[in-house]
Amino acid sequence: MSTVKVLNHYIDPLFKSSSISSAYTGCKMMRFRSGRNMDNTGVDAVCSYKTNDSLATFDREKIYHELSTMTNGVTTLGHYSLERNSLYVNGLELAIEAVTHKAPLKSGKENFRLSFRISNLPYSPELQDSRSQMYRQNKEKIEKELDVFRTSRLKDYFAGCTVENFGPVRGKAYTSVTSTCKFLLDPFSRVLQKQEVYEELKRLTHGFTKLGSSYELEEQSLVVEGYSPVKTDEQESEKSGKCF
Numbered sequence: 001m002s003t004v005k006v007l008n009h010y011i012d013p014l015f016k017s018s019s020i021s022s023a024y025t026g027c028k029m030m031r032f033r034s035g036r037n038m039d040n041t042g043v044d045a046v047c048s049y050k051t052n053d054s055l056a057t058f059d060r061e062k063i064y065h066e067l068s069t070m071t072n073g074v075t076t077l078g079h080y081s082l083e084r085n086s087l088y089v090n091g092l093e094l095a096i097e098a099v100t101h102k103a104p105l106k107s108g109k110e111n112f113r114l115s116f117r118i119s120n121l122p123y124s125p126e127l128q129d130s131r132s133q134m135y136r137q138n139k140e141k142i143e144k145e146l147d148v149f150r151t152s153r154l155k156d157y158f159a160g161c162t163v164e165n166f167g168p169v170r171g172k173a174y175t176s177v178t179s180t181c182k183f184l185l186d187p188f189s190r191v192l193q194k195q196e197v198y199e200e201l202k203r204l205t206h207g208f209t210k211l212g213s214s215y216e217l218e219e220q221s222l223v224v225e226g227y228s229p230v231k232t233d234e235q236e237s238e239k240s241g242k243c244f
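Shown next as structure tokens:
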């Protein structure tokens, strides 16, 4: 989704919840510009409304205060952080300034590879056969459970996860899972870090112990793009096995 569409997606509901909701017809993004702080991005838009009996006059101050209230004092617009006091309303021309956390025009990494282990799913060779019912059922179910990201702080970026493969776990009747999760970041988003994806999934899975109602996870088995703050015995063993 383009930045213009994302901004319209966030701005439209504000006006539709305002005192001019019955007359409001839409906003058009006119330009992006450098903010007062060079790490910020200014946004100018022109919004339209129809004159009718319910809107005899346009009250600029009232609209300003309504927009200010609905953006938490001009601090947030969807997943954007706003520069406080940057909102300007002139008729229905809007100007706001988005704080981009010193990373403007960077989309960052979109695809994150996750690996983890399920302790109550005994490994079977069928899990490596994409034609088997066991493979299809578990793949579909795990992908659905990973949609837990849609309830997270990353919900505005999350696009979905795909299970890549299943495998055995040495010395245990567990199943290892490798999946790729995609996050769509617009050009003005901050860079999404693998540590953030790790911590968010850990929080959503009760300390990485349960995935949905069916799957029990091996705690501390989660690895995101090679990152894990915890070194398990198995990880250390695998690492030492690769050294000469």
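Using UniProt numbering, the first residue of the sequence shown is number 1, and each one after it goes up by one.
Quick reminder that beta carbons are idealized off the backbone N, C-alpha and C, glycines included.
None of these values were measured; they are calculated from a predicted model.
In angstroms with no decimal places, state the Cα-to-Cα distance between residue i and residue j.
i, j, result
"Leu105", "Leu184", "Unreliable placement is indicated for Leu105, whose pLDDT of 33 sits below 50; the coordinate value is still reported in the next sentence. The straight-line gap from Cα to Cα measures roughly 14 angstroms."
"Thr100", "Asp129", "Because Thr100 carries a pLDDT of 42, less than 50, the predicted location of this residue cannot be relied on, and no value is offered for it."
"Ile142", "Leu87", "43 angstroms"
"Met29", "Cys161", "32 angstroms"
"Arg60", "Lys155", "33 angstroms"
"Gln133", "Glu140", "11 angstroms"
"Ser115", "His65", "48 angstroms"
"Pro125", "Gln195", "32 angstroms"
"Glu199", "Leu7", "28 angstroms"
"Lys5", "Asn90", "22 angstroms"
"Gly207", "Leu201", "8 angstroms"
"Val230", "Glu110", "24 angstroms"
"Ser152", "Ala173", "31 angstroms"
"Leu82", "Ser68", "11 angstroms"
"Pro171", "Phe158", "Correcting the residue identity first, residue 171 is Gly in this sequence and not Pro. The straight-line gap from Cα to Cα measures roughly 35 angstroms."
"Ser2", "Asp12", "15 angstroms"
"Arg136", "Val197", "26 angstroms"
"Ser48", "Ser19", "14 angstroms"
"Thr178", "Val163", "6 angstroms"
"Ser21", "Arg131", "53 angstroms"
"Glu219", "Phe112", "20 angstroms"
"Phe32", "Asp147", "33 angstroms"
"Thr180", "Gly73", "37 angstroms"
"Ser107", "Thr75", "Low per-residue confidence applies at Ser107: pLDDT is 45, beneath 50, and the placement is therefore not dependable, though the value from the model is reported in the following sentence. Distance between the alpha carbons of Ser107 and Thr75 is about 22 angstroms."
"Thr71", "Arg203", "27 angstroms"
"Val46", "Tyr227", "45 angstroms"
"Asp44", "Thr209", "46 angstroms"
"Asn138", "Val223", "20 angstroms"
Tell me where the beta strand (DSSP E) around residue i begins and ends.
i, result
"Ile118", "111-118"
"Asn90", "88-90"
"Tyr80", "80-82"
Considering only C-alpha positions, which residue in the set the options is nearest to residue i?
i, options, result
"Thr205", "Ser221, Arg60, Ser132", "Ser221"
"Ser17", "Asp59, Ser2, Lys5, Ile63", "Ile63"
"Phe166", "Lys144, Arg117, Arg31", "Arg117"
"Lys144", "Val74, Leu211, Ser21, Ser81", "Leu211"
"Gly42", "Tyr80, Leu14, Gly73", "Tyr80"
"Cys27", "His9, Glu83, Leu77, Ser176", "His9"
"Thr51", "Arg33, Asn72, Tyr24, Leu67", "Tyr24"
"Asn40", "Arg84, Pro13, Ser179, Asp12", "Arg84"
"residue 246", "Phe15, Phe32, Glu225", "Outside the shown range of the chain, which is 1 to 244, sits residue 246, and nothing can be said about it."
"residue 250", "Arg33, Val46, Leu14", "With the chain covering 1 to 244 only, the question about residue 250 has no answer from this structure."
"Lys182", "Phe149, Ser19, Asp12", "Phe149"
"Thr175", "Asp44, Tyr227, Leu127, Phe32", "Leu127"
First and last residue of the alpha helix (DSSP H) that includes residue i?
i, result
"Tyr135", "133-145"
"Ser68", "60-70"
Count the C-beta pairs between the segment 119-132 and the segment 211-225 that are closer than 8 angstroms, then say yes if the count reaches three, no if not. Inter-segment contact for the segment 119-132 and the segment 211-225 is present: three or more beta-carbon pairs are separated by less than 8 angstroms.
Practice item. Entirely within the segment 158-233 and at least 3 residues each: give me those beta strand (DSSP E) ranges in chain order. Key: Within the segment 158-233, the runs of beta strand (DSSP E) that reach at least 3 residues and sit entirely inside it are, in chain order, 158-169, 172-183.
Quick check on the DSSP output: what are the complete alpha helix (DSSP H) runs of length 4 or more inside the segment 3-54, in order along the chain? Runs found: 3-16.
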